[in-house]
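A short write-up of the structure that comes next.
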Amino acid sequence: MRDDRNQTMELPAPVRQIIHRLETAGHEAYAVGGCVRDSFVPGRIPDDWDITSSAKPREIKALFAHTIDTGIRHGTVTVMLDHVGYEVTTYRIDGEYLDGRHPREVRFTPSLTEDLKRRDFTINAMAYHPDRGLVDEFDGLGDLRRKRIRCVGDPRQRFTEDALRMLRAVRFAAQLDFTLDRETAAAIRELAPNLKKVSAERVRAELMKTICSVHPACLEMAYELGLTAVFLPEFDACMRTPQNTPHHFTDVGHHTLLVMQGVSDDPVLRLAALLHDIAKPVCRTTDAQGVDHFKGHPEEGAKMARRILRRLRFDKETIERVVQLVRCHDERPDADLRSVRRAMVRIGMQAFPRLFALKRADMLAQSDYRRREKLAQIDDFECLREQILQKKEALSVGDLAISGRDLLEMGLPQGRQVGEVLAALLEDVLEEPAHNQPDYLRKRSREILLNREKSL
0 MRDDRNQTME
10 LPAPVRQIIH
20 RLETAGHEAY
30 AVGGCVRDSF
40 VPGRIPDDWD
50 ITSSAKPREI
60 KALFAHTIDT
70 GIRHGTVTVM
80 LDHVGYEVTT
90 YRIDGEYLDG
100 RHPREVRFTP
110 SLTEDLKRRD
120 FTINAMAYHP
130 DRGLVDEFDG
140 LGDLRRKRIR
150 CVGDPRQRFT
160 EDALRMLRAV
170 RFAAQLDFTL
180 DRETAAAIRE
190 LAPNLKKVSA
200 ERVRAELMKT
210 ICSVHPACLE
220 MAYELGLTAV
230 FLPEFDACMR
240 TPQNTPHHFT
250 DVGHHTLLVM
260 QGVSDDPVLR
270 LAALLHDIAK
280 PVCRTTDAQG
290 VDHFKGHPEE
300 GAKMARRILR
310 RLRFDKETIE
320 RVVQLVRCHD
330 ERPDADLRSV
340 RRAMVRIGMQ
350 AFPRLFALKR
360 ADMLAQSDYR
370 RREKLAQIDD
380 FECLREQILQ
390 KKEALSVGDL
400 AISGRDLLEM
410 GLPQGRQVGE
420 VLAALLEDVL
430 EEPAHNQPDY
440 LRKRSREILL
450 NREKSL
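The sequence shown lines up with residues 0 to 455 when you count with numbering that gives the first Met the number 0.
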């Protein structure tokens with residue numbers, strides 16, 4: 000066992016406390032995995048701390064007052080200290096993987112080395128002890144220095160055991176700005192179809208960690224390795240779709256990668272950037288001059304985005320927000336207050352900050368053709384929106400100077416008509432905000448009702 004005593008890292012006091020208590024009772028214990036990796040990456044701070052130990056689950060539970068049986072079948076117990084959980088897992092050897100996802104059984108082992116052998120990548124297979132220092136059997140520290148993702152042992156075996164590890168390799172490359180070891184990449188290309196065995200929920204989690212990383216364009220790596228063909232074939236079509244138009248300088252897929260890189264790491268924005276042009280391959284036409292057109296791609300893209308996000312088991316709220324941005328990303332309302340008010344109502348107030356960010360990133364990922372004019376249109380739109388908000392102009396029925404109760408007091412019978420009259424009043428006020436006065440709206444309500452009676 001290689002013992003790198005010279006490599007030091009700081010363990011939080013609760014982690015040291017857990018290790019000390021386990022070892023005082025006669026067991027081995029080390030911090031392990033991602034927390035060790037991140038401690039040796041400049042600028043990264045571990046999100047959580049995991050501990051591995053020779054102690055069996057029942058022995059761990061006996062040593063601590065508050066524990067949770069997180070995954071006790073697989074040897075994991077969560078120890079609670081000061082309302083924070085620390086996972087403690089018994090050294091183990093995974094049995095045969097029958098479904099490409101889960102081991103049929105796990106066996107506990109007294110050997111730390113055997114436990115580290117089963118882990119996915121060398122950078123995740125390091126352990127640390129406050130006295131004995133770093134245990135790095137597979138040169139994970141060297142791979143960190145080389146900025147390389149490399150499997151522990153045979154990559155084909157690692158990926159056959161759990162196919163999700165292939166997508167995790169891309170995710171770590173994106174998060175850390177690393178490259179893939181040659182043999183690791185070759186194994187992914189060979190075994191990529193096995194990713195279909197993995198649940199949509201697990202794929203979704205890795206996809207989001209990848210596209211919300213500092214380097215979301217690493218999704219191209221997943222494409223080149225054949226992974227997106229399994230869970231996002233629509234993106235593969237984008238990578239193969241040229242854009243022969245003055246407005247673009249690259250294909251749809253690479254444009255998409257640039258847009259993702261150009262927005263913040265907000266999950267809704269990154270998903271909208273990923274999917275904003277997803278329908279271009281199916282909407283593409285080429286005219287007699289050889290110029291490509293993509294008419295209707297926002298609306299068709301909204302439909303495709305909904306299907307894709309449902310397929311990947313996203314929650315309803317995320318789906319609705321992303322679909323709305325995809326549908327509206329190419330809208331260009333006239334730069335006047337009336338048009339902007341109506342756009343704000345149609346698109347929805349909450350969508351606008353994200354929409355502006357998406358539109359700017361979209362424009363900046365296009366060619367220079369008319370770029371200044373396009374960006375000026377977005378600036379004008381945003382400026383007009385700010386004016387409307389500052390004036391507190393009515394943009395919903397709730398903003399009107401009279402309510403449904405006022406209409407009932409005027410004699411309007413309770414029912415559907417109340418909502419219809421309020422909607423008509425809002426239309427009036429959107430045209431002319433100065434009309435949002437109680438006296439005018441009461442008078443206008445009577446006119447609306449009178450006109451309806453005449454038409455019956």
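Beta carbons are placed, not taken as given, at the ideal position from N, Cα and C, and that holds for glycine.
Item                                                                                                                    : Value
Short Cβ contact (8 Å threshold) for Ile75 with Thr66                                                                   : In the sequence as displayed, the identity of residue 75 is Thr instead of Ile. Taking 8 Å as the Cβ cut-off, Thr75 and Thr66 do not qualify as a contacting pair.
Met303, DSSP secondary structure in three states                                                                        : helix
Rounded separation between Leu62 and Pro56 - CA only                                                                    : 10 Å
Distance between Leu256 and Leu218 (C-alpha atoms, nearest Å)                                                           : 8 Å
Three-state class that DSSP yields for Asp130 in the structure shown                                                    : coil
Element boundaries [beta strand (DSSP E), containing Arg106]                                                            : Val105 to Phe107
DSSP-derived helix/strand/coil call for Leu10                                                                           : coil
Burial state of Met409, where buried means 16 or more other Cβ atoms lie within 10 Å                                    : exposed
Cβ-Cβ distance between Ala236 and Pro297 below 8 Å                                                                      : no
Arg415 classed as buried or exposed, judged by whether at least 16 other C-beta atoms fall within 10 angstroms          : exposed
Val267 versus Asn450 - alpha carbon distance                                                                            : 45 Å
Residues of its chain near Asp335, where Cβ-Cβ distance is below 8 Å and the 5 sequence neighbours each way are ignored : Leu383
Ser212 burial status per 10 Å Cβ neighbour count (16 or more: buried)                                                   : buried
Proximal residues to Ala28 (C-beta, below 8 Å), its chain only, five neighbours per side dropped                        : Ile17, Ile18, Leu21, Glu22, Ile50, Thr51, Ser52, Ser53, Ala54, Val87 and His128
Option in Met259, Arg106, Ala304 and Gly225 with minimal Cα separation from Tyr365                                      : Per the sequence shown, the amino acid found at residue 365 is Gln instead of Tyr. Of the candidates Met259, Arg106, Ala304 and Gly225, the one whose C-alpha sits nearest the C-alpha of Gln365 is Met259.
Per-residue burial, Arg306 [other beta carbons within 10 Å of its own, 16 or more giving buried]                        : exposed
Residues near Leu363 by beta carbon distance below 6 Å, same chain, minus five either side                              : Gly261
Check whether Ala393 and Leu425 have beta carbons under 8 Å apart                                                       : yes
Bridge partner(s) assigned by DSSP for Cys150                                                                           : Phe120
Which residues DSSP lists as bridging Ala30, in chain order                                                             : Ile50 and Tyr127
Run of the alpha helix (DSSP H) containing Thr183, from where it starts to where it stops                               : Arg181 to Leu190
Check whether Thr183 and Ala168 have beta carbons under 8 Å apart                                                       : yes
As assigned by DSSP and simplified to three states, the class of Ile67                                                  : strand
Which of helix, strand or coil DSSP assigns to His73                                                                    : helix
Residues of its chain near Asp2, where Cβ-Cβ distance is below 7 Å and the 5 sequence neighbours each way are ignored   : Its pLDDT being 47, under 50, Asp2 is placed unreliably by the model, and the measurement read from it follows with that caveat. Answer for Asp2: Arg131, Gly132 and Val134, listed in chain order.
Range of the contiguous beta strand (DSSP E) that encloses Ile92                                                        : Arg91 to Asp93
Glu430 - DSSP class collapsed to helix/strand/coil                                                                      : helix
Buried versus exposed, by CB contacts within 10 Å (16 or more), Arg312                                                  : exposed
DSSP bridge partner residues for Val78 (one or two, in chain order)                                                     : Thr66 and Tyr85
Under 8 Å between C-beta atoms of Phe158 and Leu190                                                                     : yes
From Gly141, Asp176 and Thr121, residue whose alpha carbon lies closest to that of Asp153                               : Thr121
For Asp291, the residue or residues it bridges with in DSSP                                                             : Thr285
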